[in-house]
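Below is one structure, written out as structure tokens, with a few remarks after it.
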Amino acid sequence: MIILLFISASFVILTKWADIYSTLRFLKRGNIAMERNSFAKYLMSKFGIMIVVWSIFLFSVLLVAFVLWQVKQSQNEIYQWSFVVVSCIVSAFQASVARFNFTGKSNYLVRLVSRFNLYK
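Residues 7 to 126, numbered by the working numbering, are exactly what the sequence shown covers, in order.
Pasting the structure below:
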């Protein structure tokens, strides 16, 4: 189970990196106005794109590491399987957004996220 937990956490971090990298490439083609999340857009205009994007990545890595450590320490199988399932879902959404940023082609998960954009 420990190996599965670490693989799940690795996928979350890897897909977050792909999301961050593709976001940077996407924003280089245009400007901050192309960012759909208005809260992120505000932070990027205030602090700069690189600082905000890599701060989000660092926060994500620290959060995943902390949750992984907590789940591993708990020895509770329900928590561990929940971590694996949630990690798979988060990884799927992050990979979907990264794919959209690289290709510009929308997909089902990107359209689903777009419907629930809380920062309009």
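Just so it is clear, CB atoms sit at the ideal spot from N, CA and C, and this is done for glycine as well.
What you are looking at is a predicted structure, and each value in this text was computed from that prediction instead of being measured.
Own chain residues within Cβ distance below 7 Å of residue i, not counting five before or after
{"i": "residue 51", "result": "38"}
{"i": "residue 112", "result": "106"}
{"i": "residue 63", "result": "22, 23 and 26"}
Cutoff 8 Å; reference residue i; Cβ partners in own chain excluding five residues on either side
{"i": "residue 94", "result": "14 and 17"}
{"i": "residue 19", "result": "66, 67 and 70"}
Close beta carbons around residue i, own chain, < 6 Å, minus the five adjacent residues each side
{"i": "residue 21", "result": "97, 100 and 101"}
{"i": "residue 42", "result": "none"}
The alpha helix (DSSP H) enclosing residue i, as first and last residue numbers
{"i": "residue 57", "result": "55 to 80"}
{"i": "residue 88", "result": "83 to 109"}
{"i": "residue 120", "result": "114 to 121"}
The ligand SAM heavy atom lying under 7 Å from the CB of residue i
{"i": "residue 97", "result": "Annotation note on the ligand SAM: not contained in the displayed structure, which lists no ligands."}
Coarse secondary structure for residue i, derived from DSSP in three states
{"i": "residue 42", "result": "coil"}
{"i": "residue 7", "result": "coil"}
Q: Say whether the region 24 to 34 touches the region 46 to 66, bearing in mind that this needs 3 or more beta-carbon pairs closer than 8 Å, one atom from each stretch.
A: They touch, by the three-pair rule.
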